[in-house]
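Quick note, the working numbering runs 185 ahead of the 1-based positions in the sequence shown.
Notes for the one structure printed next.
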Amino acid sequence: MDFTVAFYVSITLLGALLLIGATKRPKDEKTFFDRVSSKEIQGFLAIFIMFHQTVVILEKTNLNLGEMTFFYFYGILAVAFFFFCSGFGLIKRWTTDQSYIKGFMRRRVFTVLVPFFICNYIYLTDALINNIRIGSHYGFGAVICSFFGIFLVNNQMWFAVEIMILYVVFRIVFAKVKKPLTGILIMTGVVLIMILAGLLSGHSESPDMSYWFMGEWWYNTLLMFPLGMLYAYKEERINRVLKKAFVSILIASSVIFLLMDQLHRYLVTEKTIYWTEYMGSDHQLLDKLFGLGQETVFEIIFLMIVITLMSLFKFSNPVLKFLGKISLEIIMLNYIMANRLLFLCEQYGIMVYLPAVALSTIAASSVVYIIKNIVLERRSGLFDGKVT
186 MDFTVAFYVS
196 ITLLGALLLI
206 GATKRPKDEK
216 TFFDRVSSKE
226 IQGFLAIFIM
236 FHQTVVILEK
246 TNLNLGEMTF
256 FYFYGILAVA
266 FFFFCSGFGL
276 IKRWTTDQSY
286 IKGFMRRRVF
296 TVLVPFFICN
306 YIYLTDALIN
316 NIRIGSHYGF
326 GAVICSFFGI
336 FLVNNQMWFA
346 VEIMILYVVF
356 RIVFAKVKKP
366 LTGILIMTGV
376 VLIMILAGLL
386 SGHSESPDMS
396 YWFMGEWWYN
406 TLLMFPLGML
416 YAYKEERINR
426 VLKKAFVSIL
436 IASSVIFLLM
446 DQLHRYLVTE
456 KTIYWTEYMG
466 SDHQLLDKLF
476 GLGQETVFEI
486 IFLMIVITLM
496 SLFKFSNPVL
506 KFLGKISLEI
516 IMLNYIMANR
526 LLFLCEQYGI
536 MVYLPAVALS
546 TIAASSVVYI
556 IKNIVLERRS
566 GLFDGKVT
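See the structure below:
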């Protein structure tokens with residue numbers, strides 16, 4: 186019963202977070218998917234991912250999660266939006282700012298690199314302390330690889346690794362190319378290579394730790410990155426279509442989304458589509474490709490719904506602005522908070538545990554964000570309303 190109540194409270198709070206301050210856009214507004222608006226949606230989805238990761242941890246217990254399992258199935262959609270926004274933002278800035286490539290590494294890569302290593306050392310320290318407590322230890326090679334982030338003590342850090350790889354490749358490619366479409370095609374090729382690496386790498390022996398590209402989460406949302414680049418390249422044309430066929434697109438995409446949702450749940454729960462390598466399947470790669478194909482369609486339809494709604498409504502409030510700033514840190518730090526505070530759920534229930542995880546994650550993320558800005562010598566604060 187407590188988990189059902191927790192679910193409805195969570196959904197209500199998420200709805201309020203998104204809808205408070207929402208306004209209808211002017212009819213003559215041609216562009217709506219700007220950096221500020223997309224960052225605020227990322228803030229909302231970071232909280233959704235926080236619930237998703239928490240439920241993934243709770244799934245390992247013997248507790249009956251009830252309606253809370255809802256969050257288990259939609260983490261990929263939130264991550265897909267993050268990749269889409271990253272690809273979109275890069276092309277948008279490159280086409281409008283001739284000097285964008287100059288200082289790109291510091292402005293983009295280091296913005297991810299600094300919090301990644303801060304969080305990485307938090308997880309490594311926690312793991313080493315935990316090993317002392319239980320009388321276990323890592324090998325010397327694993328510790329060294331963990332120190333440099335090649336071995337992820339918490340594989341939820343995978344997103345930061347991939348986005349940094351994509352940023353570095355973007356810097357190399359778009360410093361040379363003159364036409365955006367050429368660069369987008371090259372980036373798509375790189376993404377396909379990364380997907381292939383993930384498909385062939387299988388899974389780690391540990392559900393919590395892994396080397397790079399081990400696990401379907403490394404590649405099942407990655408195609409949204411070049412898709413975001415393509416949207417930025419053809420933004421005006423696509424937006425005109427969205428404006429003219431708003432109702433038709435929204436209805437059609439919603440119907441397809443519901444069908445894809447049912448298929449996705451079936452594939453994940455009944456077919457365990459990415460894990461047939463452990464079931465003696467004779468066509469493991471085909472299973473994964475089928476899962477990837479279905480989830481890719483699922484993500485595209487979700488993005489269509491979100492962008493279509495954003496063409497009519499602006500979702501903005503101070504809390505979303507704040508959460509948008511620390512969205513990356515929330516994604517990286519939530520796992521340790523959900524793990525280390527699990528005793529609260531066992532002793533006091535979900536209604537104590539969930540707020541504790543949310544508040545501690547946001548607090549820790551804010552501290553890491555401030556440290557990052559100090560390291561990078563930035564002045565943007567948590568509450569100044571600026572998007573960095």
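Glycine included, each C-beta is placed from N, C-alpha and C at the ideal position.
Cβ atoms of F273 and Y416: under 8 Å apart, would you say?
Yes.
With which residues is T208 paired in a DSSP beta bridge?
K499, per the DSSP bridge assignment.
Among A541, I485, N316 and S512, nearest to F410 - alpha-carbon criterion
Nearest of A541, I485, N316 and S512 to F410, Cα basis: I485.
Stretch pair the region 228 to 238 + the region 310 to 330: three plus CB contacts closer than 8 Å:
In this structure the region 228 to 238 does not lie against the region 310 to 330, because fewer than three pairs of beta carbons, one per stretch, are closer than 8 Å.
Per DSSP, which one or two residues make a beta bridge with F336?
Checking the DSSP bridge columns, you'll see F336 partnered with Y396.
Could you pull out every residue in the same chain whose Cβ sits closer than 6 Å to the Cβ of I434, ignoring the five residues on either side in sequence?
T493, listed in sequence order.
Spatial neighbours of D446 within its chain, please: CB distance less than 8 Å, with the 5 preceding and 5 following residues excluded, ordered by chain position.
So the list reads F258 and F483, once near-sequence residues are dropped.
Host alpha helix (DSSP H) of T373 (start-end):
Residues P365 to S386.
So what's I556 in DSSP terms, helix, strand or just coil?
I556: helix per DSSP, three-state reduction.
Where does the unbroken alpha helix (DSSP H) through I511 begin, and where does it stop?
Neither: I511 is in no alpha helix (DSSP H) and is coded neither H nor E.
With 16 other CB atoms within 10 Å as the buried threshold, where does S223 fall?
With 16 or more other Cβ atoms within 10 Å, it is buried.
Completely contained alpha helix (DSSP H) runs for the region 277 to 319, where each covers 4 or more residues
Listed in chain order, the complete alpha helix (DSSP H) runs (minimum 4 residues) inside the region 277 to 319 are 295 to 319.
For F229, does the three-state DSSP call read helix, strand or coil?
Helix.
Is the number of C-beta pairs between the region 529 to 541 and the region 466 to 480 that are closer than 8 Å three or more?
Put simply, the region 529 to 541 does not touch the region 466 to 480. Fewer than three CB pairs are less than 8 Å apart.
With DSSP collapsed to three states, give me the class of Y323.
If DSSP states are grouped into helix, strand and coil, Y323 belongs with coil.
Contacting residues, own chain, Cβ-Cβ under 7 Å from F295 (five flanking each side not counted):
The answer, listed in chain order, is L561.
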